[in-house]
Each structure stands twice: as C-alpha cells, then as structure tokens.
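Take 85 as the starting number for the sequence shown in the working numbering and just add one per residue. Even glycine gets a Cβ: it sits at the ideal position worked out from N, Cα and C. What follows is a set of notes on a single structure, which appears directly below.
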Amino acid sequence: MSEKYMTRFDERMKSPTFDEIDRSDPVAFHNARERWALERLIELETVKIYQERVKECYRREEVNAKQYCRKEVNDYRKYYNEYKKKAWFHTEGGDWTKYKVEISGE
C-alpha cells in the first residue's frame with residue numbers, strides 16, 4: 085500500500101472517540117463517527133479472514149474436517165459472535181446515533 089494511504093489511515097485512527105470529544109462540535113463529531121465506522125469495518129474484515137481460514141481448512145481436510153478444523157471454527161465463531169454483539173443499529177453498542185446531542189441555536 086502506498087505511504088499516502090497509510091498516513092491517512094493513521095490520521096483517521098488517531099482521531100478521538102465519542103467519549104473524548106465535545107459532542108456539540110460538528111467537526112469533532114464527524115471525525116469520531118468516521119473512526120467508529122472504520123473500527124467496525126476492521127472488525128468485519130477480521131471476521132471475513134477467519135471465515136476464509138475455515139473454508140480453506142475444510143477444503144484441505146475434506147472428510148476429516150470436523151476433527152482437524154476445530155481450532156479454526158472456534159476462532160471464527162468467537163470473532164463472529166463478538167462482531168454480532170455490536171450489530172449495526174440493533175444493539176446498544178452498535179449505533180453511533182446514541183452519541184448525538186442537540187446543537188443549540190445561537
């Protein structure tokens with residue numbers, strides 16, 4: 085990956101979280117929301133990687149897959165359940181709109 089992309093990624097991950105900002109500041113809120121979404125996408129890609137490992141193991145082991153792929157399946161299930169606990173817009177921890185505050189008019 086290019087150096088420019090990694091620099092931009094690092095900057096986005098250094099932005100403050102919702103707990104660290106003044107939520108009435110729209111710019112800070114936007115940056116925190118962007119970081120939250122990026123973290124969720126990283127979690128999703130991690131789940132996909134573990135899913136691919138399970139598929140590869142099942143292809144490799146074929147008949148004995150249940151016996152030899154147990155570790156891969158358990159890892160996948162663990163990360164999938166952690167991801168699902170924070171499902172988008174379905175649980176308390178899965179929705180960034182809970183951090184919204186009313187912006188007072190001047």
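In three-state terms, what does DSSP make of residue i?
i: Cys141; result: helix
i: Lys170; result: coil
i: Lys132; result: helix
i: Lys162; result: helix
i: Lys184; result: coil
Identify, in the order they occur along the chain, each residue of the same chain with its Cβ nearer than 8 Å to the Cβ of residue i, setting aside the five sequence neighbours on each side.
i: Thr101; result: Ala116, Arg119 and Trp120
If residue i and residue j are in contact, beta carbons under 8 Å, what's the gap, nearest whole angstrom?
i: Tyr160; j: Gln135; result: 6 Å
i: Glu156; j: Val131; result: Between Val131 and Glu156 the Cβ distance is about 13 Å, and since that is not below 8 Å, they are no contact.
i: Leu122; j: Tyr167; result: Not confirmed; about 14 Å, so no contact.
i: Ala112; j: Asp106; result: 6 Å
Less than 7 Å between C-beta atoms, sequence neighbours within five positions excluded: which residues of the same chain meet that for residue i?
i: Tyr142; result: Ala149 and Cys153
i: Tyr164; result: Val131
i: His114; result: none
- Task: Run through the segment 91 to 125 for me and flag every whole beta strand (DSSP E) of 3 or more residues, listed as ranges in chain order.
- Result: none
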